[in-house]
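Colleague:
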Amino acid sequence: RHTRLQGDWSSDVCSSDLILNYRQMGDIKMLGLKSVKLMVFFLTLILSGVFFTGTVLAKPDEGKGTSQKWAVVSGFRSAEFGMKERDVIKAIKNDFGLGKKQVSRKVHPNEKTVTLGIEVKKLLPESGTAKVFYIMGYKSKRLIHINVIWGKPVTKKPDAESVVATANQLRNHFAQKKYQKEGFALNAQLGEGVILVFQGKDRKGRAARLLLSNPKAEKDKKAGEDIALTLSYIEKPQDPDVFRIKDGDF
17 RHTRLQGDWS SDVCSSDLIL NYRQMGDIKM LGLKSVKLMV FFLTLILSGV
67 FFTGTVLAKP DEGKGTSQKW AVVSGFRSAE FGMKERDVIK AIKNDFGLGK
117 KQVSRKVHPN EKTVTLGIEV KKLLPESGTA KVFYIMGYKS KRLIHINVIW
167 GKPVTKKPDA ESVVATANQL RNHFAQKKYQ KEGFALNAQL GEGVILVFQG
217 KDRKGRAARL LLSNPKAEKD KKAGEDIALT LSYIEKPQDP DVFRIKDGDF
């Protein structure tokens, strides 16, 4: 299956698109964003090293300094990994004041996971509207993955400057904590117009990932019209609880 980096960012959120292969890409260049004003923001997203699978792009803090506590990736706000669906709905009510009727529910046709979705305004100042998706495991029926998405298609005409500013704010926030060396990354370019802004695992192997996608603008579109930022919290990056056909069944 393909990883949704430049395609459909709708409520069909995939939980198995977690393990990415990285290549050396050189300095980050966000395609299509030609304005000087926007480039000032993108200058903070410069690739600082070479990243390959199993190595680190940027060295995590070694415990020296003022804020070197270990990161704890346990979920999103009061929604914690391992919660059942009814408890996640209660957490949504507690965090955002949204009732069950305001929560969408969809079953993924391939992975057989259940996704609960909501729309939230102003998670961060001037960040714009976001969509939050809570993914329940196939076997466990418990929370295994959360995606928070800004930009397209949450907003028909996203403000690219605001999306990039949100990426920078979140990266700086996450980078204050300590993470495992394996899989740690800052500002890694994965492909044309796609940047892994941040990725880190806590001591239990639970991951936080921040992915910025800005596909090259088509002739009839303005630069930055399809920009999207996805923040993911993942309980088991290496072994997601999704439906798989067993060996020998076919």
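Counting from 17, one number per residue, gives the positions in the sequence shown under this note's numbering. Where a beta carbon is used, it is the ideal one built from N, C-alpha and C, also for glycine.
Verify whether the separation of the beta carbon atoms of residue 212 and residue 223 is less than 9 Å.
Modeller: Residue mapping note: residue 212 aligns to position 196 of the sequence shown, counting from 1. Residue mapping note: residue 223 aligns to position 207 of the sequence shown, counting from 1. Result no, Cβ atoms of residue 212 and residue 223 do not sit closer than 9 Å.
Colleague: Once you ignore the five residues that flank residue 91 on each side, which residues in its own chain have a CB closer than 7 Å to its CB?
Modeller: Numbered from its first residue, the sequence shown carries residue 91 at position 75. These residues qualify, in order along the chain: 97, 159, 162 and 249.
Colleague: With distances taken Cα to Cα, identify the nearest neighbour of residue 87 among 147, 242 and 217.
Modeller: Counting from one through the sequence shown, the residue named residue 87 turns up at place 71. Minimum Cα distance to residue 87 is reached at 217.
Colleague: Please report the distance separating the alpha-carbon of residue 219 from that of residue 253.
Modeller: Working through the sequence shown from its first residue, we reach residue 219 at position 203. Working through the sequence shown from its first residue, we reach residue 253 at position 237. Answer to the nearest angstrom: the Cα atoms are 13 Å apart.
Colleague: For the beta strand (DSSP E) containing residue 135, list its first residue and its last residue.
Modeller: Against the sequence shown, residue 135 aligns to sequence position 119. That run of the beta strand (DSSP E) goes 130 to 137.
Colleague: Enumerated in chain order, which unbroken segments of the beta strand (DSSP E) with a length of 3 residues or greater are wholly contained in the stretch 147 to 181?
Modeller: List check, beta strand (DSSP E) in window: 159 to 167.
Colleague: Mind pulling the alpha helix (DSSP H) runs of 4 or more residues that sit fully within the stretch 173 to 225?
Modeller: Whole alpha helix (DSSP H) segments, 4+ residues: 176 to 190.
Colleague: List the whole-angstrom C-beta distance separating residue 226 from residue 187, where the pair is believed to meet the contact cut-off of C-beta under 8 Å.
Modeller: Start at 1 with the first residue of the sequence shown, and residue 226 comes out as number 210. Start at 1 with the first residue of the sequence shown, and residue 187 comes out as number 171. Indeed, because the Cβ distance is near 6 Å, the residues count as touching under 8 Å.
Colleague: From residue 181 to residue 93, what does the alpha carbon distance come to, in whole angstroms?
Modeller: As a working note, residue 181 is residue 165 in the sequence shown. As a working note, residue 93 is residue 77 in the sequence shown. Whole-angstrom Cα-Cα distance: 21 Å.
Colleague: In terms of alpha-carbon separation, which member of 175, 234 and 230 lies closest to residue 146?
Modeller: Taking the sequence shown and counting its residues from 1, one reaches residue 146 at position 130. If we check each option's Cα against that of residue 146, 175 comes out closest.
Colleague: Comparing C-alpha positions only, which one of 221, 215, 210 and 240 sits nearest to residue 229?
Modeller: Indexing the sequence shown from 1 puts residue 229 at position 213. With distances taken between Cα atoms, residue 229 lies closest to 210.
Colleague: Could you tell me which of 265, 258 and 205 sits nearest to residue 123, measuring between CA atoms?
Modeller: Residue numbering aside, residue 123 sits at position 107 when the sequence shown is read from its first letter. Among 265, 258 and 205, the Cα nearest to that of residue 123 is on 258.
Colleague: For residue 185, I'd like the list of residues in its chain whose CB is within less than 7 Å of its CB, leaving aside the five on either flank, ordered along the chain.
Modeller: In the sequence shown, the residue the question calls residue 185 occupies position 169. Once the five neighbours on either side are set aside, the close Cβ partners of residue 185 are 140.
Colleague: In three-state terms, what does DSSP make of residue 100?
Modeller: Start at 1 with the first residue of the sequence shown, and residue 100 comes out as number 84. Residue state, collapsed to three classes: strand.
Colleague: Please work out which residues of its chain come closer than 6 Å, Cβ to Cβ, to residue 107, disregarding the five sequence neighbours upstream and downstream, and give them in chain order.
Modeller: Counted from its first residue, the sequence shown places residue 107 at position 91. Contacts found: 94 and 95.
Colleague: Please report the straight-line C-alpha distance between residue 131 and residue 166, rounded to a whole angstrom.
Modeller: Looking up residue 131 in the sequence shown gives position 115. Looking up residue 166 in the sequence shown gives position 150. Roughly 17 Å separates the two Cα atoms.
Colleague: Exposed or buried, what is residue 118 when buried is set at 16 or more other beta-carbons lying within 10 Å of its beta-carbon?
Modeller: The residue given as residue 118 occupies position 102 in the sequence shown. It is exposed - the Cβ of residue 118 has fewer than 16 other Cβ atoms within 10 Å.
Colleague: Which same chain residues, not among the five before or five after residue 154, have their C-beta less than 7 Å away from its C-beta?
Modeller: On the sequence shown, position 138 is the one that residue 154 refers to. So the qualifying residues of the chain are 127, 128, 129, 257, 258 and 259.
Colleague: Which residue's Cα is closest to the Cα of residue 205: 196, 102, 215 and 136?
Modeller: Against the sequence shown, residue 205 aligns to sequence position 189. Selected option, being the one with the closest Cα: 215.
Colleague: In this structure, what does DSSP give as the bridge partners for residue 250?
Modeller: Within the sequence shown, residue 250 is the residue found at index 234, counting from 1. Partner(s): 161 and 223.
Colleague: Short of 7 Å in beta carbon distance, which residues of its chain neighbour residue 104, apart from the five on each side in sequence? Order them along the chain.
Modeller: Along the sequence shown, read from residue 1 onward, the residue named residue 104 stands at position 88. Correct list, in chain order: 95, 132, 150 and 159.
Colleague: Tell me the rounded alpha-carbon separation between residue 66 and residue 263.
Modeller: What you label residue 66 is simply residue 50 of the sequence shown in a count that begins at 1. What you label residue 263 is simply residue 247 of the sequence shown in a count that begins at 1. Any reading at residue 66 needs caution, since the residue's pLDDT is 27, under 50, leaving its predicted position unreliable; the model's value is listed next. C-alpha separation (whole angstroms): 37 Å.
Colleague: Please report the straight-line C-alpha distance between residue 101 and residue 235, rounded to a whole angstrom.
Modeller: Start at 1 with the first residue of the sequence shown, and residue 101 comes out as number 85. Start at 1 with the first residue of the sequence shown, and residue 235 comes out as number 219. Computed Cα separation, rounded: 44 Å.
Colleague: What three-state label does DSSP hand residue 95 in the structure shown?
Modeller: Within the sequence shown, numbered from 1, the residue matching residue 95 stands at position 79. The answer is strand: DSSP assigns residue 95 an E or B state.
Colleague: Figure out for me which residue from 237, 121, 208 and 125 has the closest Cα to the Cα of residue 172.
Modeller: As a working note, residue 172 is residue 156 in the sequence shown. Nearest of 237, 121, 208 and 125 to residue 172, Cα basis: 237.
Colleague: Could you tell me whether the Cβ atoms of residue 170 and residue 142 are closer together than 9 Å?
Modeller: Indexing the sequence shown from 1 puts residue 170 at position 154. Indexing the sequence shown from 1 puts residue 142 at position 126. No, the Cβ-Cβ distance between residue 170 and residue 142 is not below 9 Å.
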